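Contents: one structure, followed by commentary.
Protein chains in written order, with our numbering: chain A, 1 to 185; chain B, 186 to 378.
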């Protein structure tokens, strides 16, 4: 009756029937499976699920209205997180874990007031991921960048970008970008 | 003539082989040893680096100027992640999706400044992070720092450069404006496409 090492490698005991070819094949196959799994684990660890989407058009934004950005371009996606055709407002979370999320948005020159970038996960473990508000610039477009580390506990979570301005006038939003990458299980 | 395992190609004896147990065990042991040595060489920290520029950059002349903020030193460079070609850019040395985090310091202005934008640019001249400010330090403050982050995909030899760019907007005839220390931290998030 052969025995196994803690990693599952099979070896014959003294009283076992001598069959060297079968026994060394068994051992070699066990090690093969184990080491191959280590190679796969290494590759997976370095291949973090990542999605990047952008909005390249021009979004007219009335004062005081919170608007969810609809992305039009998939820039990177190695885990089916971006679906421009089916769910263009979202980057979906493929598995439970901690995610690094960064986003940026550019507002046109506008009247004096404020503008904001909000990153949300509606109904998620952390609903309001990060938000940044800035004073608008009456002579120069205003860009906002934000980064956050958040926890996603469900694979039905979706990360979205919202924009909002309070100037009393109209503004245009361009160059929106959202990046989501998993950094830990 | 030994057979080989399906994944890692480890040799093992078959019944038709000569009965040479020591040689068969040695062949298997050496194959496993070499394979694990390869695996060990692949296991390392995630490639990451921080480049920094300390030489002030002066924005002058036109009302709007675009200045490359040159990267001059590497504060750390884990796993030989990047190099500095000497033209102010940072060269990415392994394929994947990288997170860039940038910062830039600026002093009080003389009142002729209307906006500063900082962008991180990839090898195809596309901005992948963007932030701006019109809120400037006032003496006795000495400086403020702005930050931005974003992700981009890099392929060595194809699209492998990234740089930090500052756009400075001043009123016509306004005084030159000096931008100070700036950093670009890069972390590889994915390995390959």
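Backbone N, C-alpha and C define an ideal beta-carbon position, used for all residues, glycine too.
Please read all numbers here as calculations on a predicted model, not as lab measurements.
Legend entry - Bounding residues of the alpha helix (DSSP H) (the contiguous stretch that carries residue 42 (chain A)): 20-46
Legend entry - Through-space distance from residue 187 (chain B) to residue 269 (chain B), alpha-carbon basis: 50 Å
Legend entry - Partner residues on chain A for residue 193 (chain B), Cβ-Cβ distance less than 7 Å: 32, 35 and 36
Legend entry - Nearest-angstrom Cα separation, counted from residue 256 (chain B) out to residue 241 (chain B): 11 Å
Legend entry - Residues near residue 258 (chain B) in its chain [Cβ-Cβ closer than 6 Å; skip 5 each side]: 237
Inset, instruction - Name, in chain order, the residues that DSSP records as bridge partners for residue 175 (chain A). - result: According to DSSP, residue 175 (chain A) bridges with nothing at all.
Inset, instruction - Quick one: list the residues of chain A neighbouring residue 333 (chain B), beta-carbon separation under 7 Å, in chain order. - result: 104 and 145
Inset, instruction - Could you tell me whether any Cβ in chain A is nearer than 8 Å to the Cβ of residue 348 (chain B)? - result: no
Inset, instruction - With distances taken Cα to Cα, identify the nearest neighbour of residue 262 (chain B) among B:216, B:251, B:233 and B:221. - result: B:233
Legend entry - Identity of the residue in A:34, A:176, A:30 and A:116 nearest residue 58 (chain A) by Cα: A:176
Inset, instruction - Please classify residue 14 (chain A): is it buried, with 16 or more other beta-carbons within 10 angstroms of its beta-carbon, or exposed? - result: exposed
Inset, instruction - Thinking residue 48 (chain A) and residue 170 (chain A) are a contact (beta carbons under 8 Å), I'd like their distance in whole angstroms, please. - result: Not quite, the Cβ-Cβ distance comes to about 39 Å (not below 8 Å), so this is no contact.
Legend entry - Three or more C-beta pairs below 8 Å linking the segment 198-205 of chain B and the segment 214-224 of chain B: no
Legend entry - Rounded C-alpha distance that separates residue 71 (chain A) from residue 222 (chain B): 45 Å
Inset, instruction - Consider the Cβ of residue 6 (chain A): report whether some Cβ of chain B lies at a distance smaller than 8 Å. - result: no
Inset, instruction - Starting from the beta carbon of residue 375 (chain B), find every residue of chain A whose beta carbon is closer than 9 Å, and list them in chain order. - result: 46, 47, 48, 49, 50, 76, 78 and 181
Legend entry - Local Cβ density within 10 Å of residue 94 (chain A), reported as buried at 16 or more and exposed below that: buried
Legend entry - Whole-angstrom distance between residue 347 (chain B) and residue 69 (chain A), CA atom to CA atom: 27 Å
Inset, instruction - Could I get the ranges of all uninterrupted beta strand (DSSP E) runs contained in the segment 115-178 of chain A, with 3 residues as the minimum, in chain order? - result: 128-135, 142-152 and 158-166
Inset, instruction - Check residue 212 (chain B) in the structure and name its three-state DSSP category. - result: helix
Legend entry - Secondary structure of residue 222 (chain B), DSSP reduced to three states: helix
Legend entry - Cβ-based contacts, 8 Å cut-off: residues of the segment 79-103 of chain A near chain B: 100 and 102
Legend entry - For residue 144 (chain A) and residue 331 (chain B), the rounded distance between their alpha carbons: 10 Å
Legend entry - Within 8 Å, strictly: CB atoms of residue 117 (chain A) and residue 131 (chain A): yes
Legend entry - Sequence-distant residues of its chain with Cβ nearer than 7 Å to residue 195 (chain B) (five each side left out): 189, 213, 216 and 217
Legend entry - residue 352 (chain B), buried or exposed, once every other Cβ within 10 Å from all chains shown has been counted against 16: buried
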